[in-house]
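Step one of this worksheet: look at the structure below.
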Amino acid sequence: MSIEVADLSVAYDGIPVLRGLSVRVRAGGWLAPIGPNGAGKTTLLRAVAGLVPFSGDVRVADSMVSAISGRRLAQLVAYVPQRPQIPASMTVTDYVLLGRTPYIPYLGTEGRTDLEVLARVLDRLELGSLTRRPLGSLSGGEVQRAVLARALAQEAPVLLLDEPTAALDVGHQQQVLELVDELRLERGLTVISAMHDLTLAGQFAEELLLLDGGRAVATGSARAVLTEATITRHYGASVRILEDRDGGVVVLPTRARRRVQVLAEGTVG
Amino acid sequence: MAAVTEVRGAKLTVRPTRLRAWLLVAALGCLAGAVLLGVLVGPVRLPAGAVLKEFVNRLPLIGVHSGLSQLDAAILWQIRVPRVVLGGLVGAMLAMAGASYQGVFRNPLADPYLLGVAAGAGLGATLAVAYLPGRAGWPADPLPLTAFAGALVAVAATYVLGRSGIRSRNTATLILAGVAVAAFFTAAQTYAQQQHADTLREVYAWILGGLGTAAWRQVALILPYVAASGLALLLHRRLLDVMSLGDEEADSLGIRATRVRLTVVIIATLGTAAAVAVSGLIGFVGIIVPHTVRLLAGSSYRRILPLSVIFGAAFLILADLIARTALSPAEIPIGVITAFVGAPFFLLVLRRTRRLS
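Residue numbers (my numbering), protein chains in the order written: chain Y, 860 to 1128; chain B, 826 to 1182.
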């Protein structure tokens, strides 16, 4: 399902965090909002998930996010926050089953279909051998798979991920993102994932959206957005952009003596 | 029910945590034991066989002669049984309310007593005794209602004051807010009580609590509240598991976390206030019982809530047994017994949660 964001503004306690943002993601596409801390990446995800009041328009397929019920929205959009709450003594099965909540009557319990979806998701994410383990006993990579499984159990066509690789080592970062990409192609999911690692963002997302101070400052392919000038300007970082053998771009942080000077030019949005 | 689903040729069995039959049977066995002890033990020793026959005799379509004397039968049916039933109802309610508060506040130390519910109910009850002198002639005693109103105000105050703690998952803030609210309400209650010294006796007897005056009338008074509140809380058991994900994630699953919290708090407070209105202030049941259940049966509220009902009832029946027999013929207030067990238990839970977080 496509996502259409038009003139989106969000303020927390009167302080604007997103200002008039517009962006479109095609059905089955992958957009990665990037940008320095506080740029508004998380807020964009939360607005699409209907978790913050906003002005402007957010549409998932043809539904206005602000006009449909929370339950219906949860059937369309699955949201994984950067630091999900992990109840340490809950079993993997129970945790993933919580993803079926939008389909279970308010005071009811799960039915046959829910358990079937649960079994398929656990199998797909290779959690079959961990079903009865408490979450607290899992490794970081396993926890991330369980969290992803919970989101998939929602059977929502849109998947929102906030820094899905933040707590993982480089190997698990790649595995998780490969998994997300496989699932996207298998199920035709539309993915929006806020990313800190620019190289990974460029390698996996179809399109990058660079945010700074709550505004979109650049949109497009990795090659178009990830330039030395843009990154220096918006992150206040000094980097070199290298060409990957496969035609991708690598963002390499460098130790620059000019750093002080760059900051002095005023890069804080 | 476990689903066996065939995925890619292999069978994968998924068994969500639920209340299994053997757990339920074991728990009911414990309760039956506590009930039996509760009705048999006392200044007058009743023979176990005859008492069992009396119970069987009450079943429809069965007529057995128990051989109990008329006096013994009166002791059984007018003194022991109502006291055990009342203790069971109060214990079940306090334990379930404790578990529910812990679930919606995501705080393992939440307990009706510590959240100020008891102090609020105390103030409400005192006001009824002090300022409604004619209430004995009323068609319905307003005391449970005023106790309920007091309890609700106290919980609301604790919630508002401890809010920052809920957001930051700091377990201490909410409890500290509860302590402050309880102190304030207790002060107001003492003031009202001293101002109407003539009511001192009635108020003080109520506050010390205990089931010493238990009779069927009191069972009838709280049964509707406890039954309705208990049933409604049990219906929320799966939602309490969803709440363990935090407000934002619960919202993203289509649940309105703040609304669920408010609903559960109102329901649990209604039941607690009714229980406290007849039993007086009994602390720590809401911590001891749910945590013991957690240790035995895991952290899913689908087990914690129903098992807390059963073990809560058993626990308070036994606590009451100790209260009335330890210094017999004198009675120790039951709150003293629960605090003896509960206070060390509280520290244990505190240590555990500190380590986990």
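Beta carbons are placed, not taken as given, at the ideal position from N, Cα and C, and that holds for glycine.
Below 7 angstroms CB to CB, which residues in the same chain sit around residue 1128 of chain Y once its five sequence neighbours on both sides are set aside? In this prediction, residue 1128 of chain Y has a pLDDT of 42, which is less than 50 and means its spatial position is unreliable; what the coordinates show is noted afterwards. Around residue 1128 of chain Y: 1071 and 1072.
Could you check how far apart the C-beta atoms of residue 901 of chain B and residue 911 of chain B are, in whole angstroms? I think they sit under 8 angstroms. 15 angstroms between Cβ atoms; not a contact.
Under 8 angstroms: do the segment 1015 to 1027 of chain Y and the segment 1043 to 1051 of chain Y share three or more Cβ pairs, one atom per stretch? yes
Cβ pair residue 867 of chain Y, residue 899 of chain Y closer than 7 angstroms: no
Cβ-based burial, residue 874 of chain Y [other Cβ within 10 Å; buried from 16]: Exposed is the call here.
With three or more C-beta pairs closer than 8 angstroms as the rule, is the segment 955 to 969 of chain B touching the segment 931 to 943 of chain B? no
For a contact defined as C-beta to C-beta under 9 angstroms, what are the partners of residue 933 of chain Y on chain B? 1076, 1077, 1078, 1079 and 1080, listed in chain order.
Neighbour list for residue 1071 of chain B in chain Y, Cβ cutoff strictly below 7 angstroms: 944, listed in chain order.
May I have the straight-line CA-CA distance separating residue 867 of chain B from residue 904 of chain B, to the nearest angstrom? 10 angstroms
Under a three-way DSSP split, which group does residue 902 of chain B fall into? In the structure shown, residue 902 of chain B sits in a helix (DSSP, three-state: H, G or I).
Just tell me which of Y/946, Y/1088, Y/902 and Y/1012 has its CA closest to the CA of residue 870 of chain Y. Y/902
Could you check which residue in Y/949, Y/1006, Y/1114 and Y/1080 has the C-alpha nearest to that of residue 840 of chain B? Y/949
Please list, in chain order, the chain Y residues whose beta carbon lies closer than 8 angstroms to that of residue 966 of chain B. Going along chain Y, no residue has its Cβ under 8 angstroms from residue 966 of chain B, so there is no contact; the nearest lies around 32 angstroms.
Hey, is the segment 1085 to 1104 of chain B in contact with the segment 1036 to 1055 of chain B, meaning 3+ C-beta pairs nearer than 8 angstroms? yes
Would you say residue 847 of chain B lies against chain Y (beta-carbon separation less than 7 angstroms)? no
Can you give me the C-alpha to C-alpha distance between residue 920 of chain Y and residue 883 of chain Y, rounded to a whole angstrom? 11 angstroms
Rounded separation between residue 813 of chain Y and residue 1006 of chain Y - CA only: Nothing about residue 813 of chain Y can be reported from this structure: the residues present for chain Y run from 860 to 1128 only.
For residue 1123 of chain B, go through chain Y and note every residue whose CB falls closer than 7 angstroms to its CB, in chain order. 948
Using 10 angstroms around the beta-carbon of residue 1185 of chain B, count the other beta-carbons present and answer buried if the total reaches 16, otherwise exposed. Within the shown structure, residues of chain B are numbered from 826 to 1182, placing residue 1185 of chain B beyond reach of any answer.
Starting from residue 938 of chain Y, follow its DSSP beta bridges and name the residues at the other end. Y/1019
May I have a chain-ordered list of the alpha helix (DSSP H) segments no shorter than 4 residues that lie completely inside the segment 966 to 1027 of chain Y? The segment 966 to 1027 of chain Y contains, as complete alpha helix (DSSP H) runs of 4+ residues, the segments 971 to 983 and 999 to 1012 (chain order).
Can you name the start and end residues of the beta strand (DSSP E) that residue 1110 of chain Y belongs to? 1108 to 1112
Using a cut-off of 9 angstroms between C-beta atoms, extract the partners of residue 1067 of chain B located in chain Y. 957 and 960
Could you say if the segment 1077 to 1092 of chain Y and the segment 1057 to 1067 of chain Y meet the contact criterion of at least three C-beta pairs nearer than 8 angstroms? The segment 1077 to 1092 of chain Y is in contact with the segment 1057 to 1067 of chain Y.
Cβ-based neighbour list, residue 1011 of chain Y, same chain, cut-off 6 angstroms, excluding 5 preceding and 5 following: 980
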